[in-house]
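What the sequence shown shows, in the working numbering, is residues 36 to 340, in sequence order. Reading through the structure tokens given below for one structure.
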Amino acid sequence: MHYVVLDLEWNIPRLRHKVSAELYKEIPQEIIEIGAVRLKPSLEATGRFSADVKPRYYTELNRHVEMVTQRENASLQNGNSFPRAVRQFMDWCSCDQEEDYLFCTWSNSDSQPWLQNLKHYDIRPKKQPLFLDVQRLHGLASGELSTQRSIAYALEFLELPLNEPFHRAVNDAYYTAQIFKRDVERLQAQSALPKEEKALFQQLRKYAYDPELCYRRRLDLGEVDDPAKIDNIIRQYPWFCPACGQETRPIHPWKKRQGGLRQQNKALCPDHGEILLRCQAFREQAAKPDSPWQIKADLHLQRPL
Ligand SMILES: [Zn+2]
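Written out as structure tokens, the structure is:
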């Protein structure tokens, strides 16, 4: 039982049109740095990991990435290939052992690049851990769950020292670990998390999400000549859970906005919880009075935290 606070830096294509659609679909972000801090069940840090990854595809820094990370193009020449760097990382965090652990990341934006890069190189960890979103935990501890704060904001808010530059993966992981520990202590002080280590791990595990589950599906429900027909379509549609496909029914009467052009409801999957259903009728060419109305829907399974 332990925690691995993980942070990834990645590059995206400098010029999208020079990359094949197939490659871009498979690996839209190429990991160029892996940083991590390992924590004991008491949340004391027991080690740091840092590896530069030499990119194989996007070998020139995208301008936006360059600006945000303050990196230079030459830095992409450092490091090992992704498969080698991942092997070192997995050895370091004992990922292949049976022991249960959680990945902790700031926001949920690292989990998809992680899975996509692993899949691209056909690397299968023995067990894919759940991901705990420390940004959401910070929101929970601060009573502002719907606000997304940056690491820099959270550090300042918690009066934690800022002694390393941001956007180095290992530094961001170190900062995330500091925030994580402090927010767990704040939640324990509010009696919102247990103090005992095993119970704490179990509760945080319940807050973590499975990155391999599909949380969102966008559906095309067809075209109609009259937008009022949206009512019939969404009442008859066989709604389902985006993660497991189980059929489910909307719970409430549909909540209507914009005279019924937008409608919202909720459904429940017995295995995965609450699903937000949003539907919309719109015209691509609103200026043309006889152009058809399109009905689209968005199924959004709520994450545990
Ligand atoms: Zn389900």
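Just so you know, even glycine gets a beta-carbon here, dropped at the ideal spot from N, CA and C.
Discussion item. In whole angstroms, give me the CA-to-CA distance for Gln64 and Ala322.
Written reply: When rounded, the separation of the alpha-carbon atoms in Gln64 and Ala322 is 38 Å.
Discussion item. Using C-beta distances below 6 Å, list every residue in its chain close to Asp333, excluding the 5 sequence neighbours before and after it, in chain order.
Written reply: Excluding residues within five positions, the ones whose Cβ falls inside 6 Å are Arg253 and Arg313.
Discussion item. My assumption, with CB atoms under 8 Å, is that Leu345 sits in contact with Ala243. Please give the rounded CB distance.
Written reply: No answer is possible for residue 345: the residues shown for the chain start at 36 and end at 340.
Practice prompt. Starting from Cys249, follow its DSSP beta bridges and name the residues at the other end.
Written response: Looking at the DSSP assignment, Cys249 forms no beta bridge with any residue, so it has no partner.
Practice prompt. Indicate the three-state DSSP secondary structure (helix, strand or coil) for Ile269 in the structure shown.
Written response: Three-state DSSP puts Ile269 in a helix.
Worksheet item: For Asp168, which three-state DSSP category applies?
Response: Three-state DSSP puts Asp168 in a strand.
Worksheet item: Hey, how far is the Cα of Gln123 from the Cα of His307?
Response: One C-alpha to the other measures close to 34 Å.
Practice prompt. Leaving aside the five residues before and after Arg251 along the sequence, list all residues of the same chain whose C-beta is less than 8 Å from its C-beta, in chain order.
Written response: Only Pro277, Asp333, Leu334, His335 and Leu336 meet the Cβ criterion.
Worksheet item: Ala66: which of Lys75, Arg292 and Thr94 sits nearest, CA to CA?
Response: Looking at the sequence itself, residue 66 is Ile, so the reference to Ala does not match. Considering only Lys75, Arg292 and Thr94, the residue with the shortest C-alpha distance to Ile66 is Thr94.
Practice prompt. Could you tell me the distance, in whole angstroms, from the CA atom of Ser226 to the CA atom of Glu220?
Written response: For Ser226 and Glu220, the distance between alpha carbons rounds to 10 Å.
Worksheet item: Can you tell me whether DSSP reads Lys291 as helix, strand or coil?
Response: In the structure shown, Lys291 sits in a strand (DSSP, three-state: E or B).
Worksheet item: To which residues of the same chain is Lys233 closer than 8 Å at the C-beta, ignoring the five residues directly before and after it?
Response: Answer for Lys233: Met36 and Pro76, listed in chain order.
Item to complete: May I have the straight-line CA-CA distance separating Gly174 from Asn206, to the nearest angstrom?
Response: Using only the alpha carbons, I get a separation of about 21 Å.
Worksheet item: Residues in its own chain within less than 6 Å of Gly82 by CB, not counting five upstream and five downstream?
Response: Around Gly82: Arg73.
Worksheet item: Under the DSSP definition of a beta bridge, which residues are partnered with Ser85?
Response: According to DSSP, residue pairing for Ser85 in a beta bridge involves Gly70.
Discussion item. Here's the rule I'm using: 16 or more other beta-carbon atoms within 10 Å means buried, otherwise exposed. How should Ile158 be labelled?
Written reply: Counting the other Cβ atoms within 10 Å of the Cβ of Ile158 gives fewer than 16, which makes it exposed.
Practice prompt. Return yes when the C-beta of Cys314 is under 8 Å from any heavy atom of ligand 1, and no when it is not.
Written response: For ligand 1, not one heavy atom lies less than 8 Å from the Cβ of Cys314.
Discussion item. For a quick check, are the C-beta atoms of Val70 and Leu41 less than 9 Å apart?
Written reply: Looking at the sequence shown, residue 70 is not Val but Gly. The beta carbons of Gly70 and Leu41 sit closer together than 9 Å.
Item to complete: Measure the beta-carbon distance from Ile186 to Tyr210 and round it to whole angstroms, keeping in mind my assumption that it falls under 8 Å.
Response: Ile186 to Tyr210, Cβ: 5 Å. Contact.
Practice prompt. Could you tell me the distance, in whole angstroms, from the CA atom of Arg338 to the CA atom of Ser146?
Written response: Linking Arg338 to Ser146 through their CA atoms gives a straight-line distance of about 13 Å.
Discussion item. Judging by CA-CA distance, which residue of Asp135, Leu172 and Leu248 is the nearest neighbour of Pro164?
Written reply: Nearest C-alpha to Pro164 among Asp135, Leu172 and Leu248: Asp135.
Discussion item. If I follow the unbroken beta strand (DSSP E) through Ile186, where does it start and stop?
Written reply: Ile186 -> not in any beta strand (DSSP E); alpha helix (DSSP H) instead, spanning Ile186 to Phe192.
Discussion item. Give me, in chain order, the residues of the same chain whose beta-carbon lies closer than 6 Å to that of Pro48; leave out the 5 immediate sequence neighbours on both sides.
Written reply: The beta carbon of Pro48 sits closer than 6 Å to those of Val54 and Tyr93, all from its chain and outside the five residues before and after it, given in chain order.
Worksheet item: With distances taken between CB atoms, is the gap from Glu101 to Glu68 smaller than 9 Å?
Response: Taking 9 Å as the cut-off, the beta carbon of Glu101 is found no closer than this to the beta carbon of Glu68.
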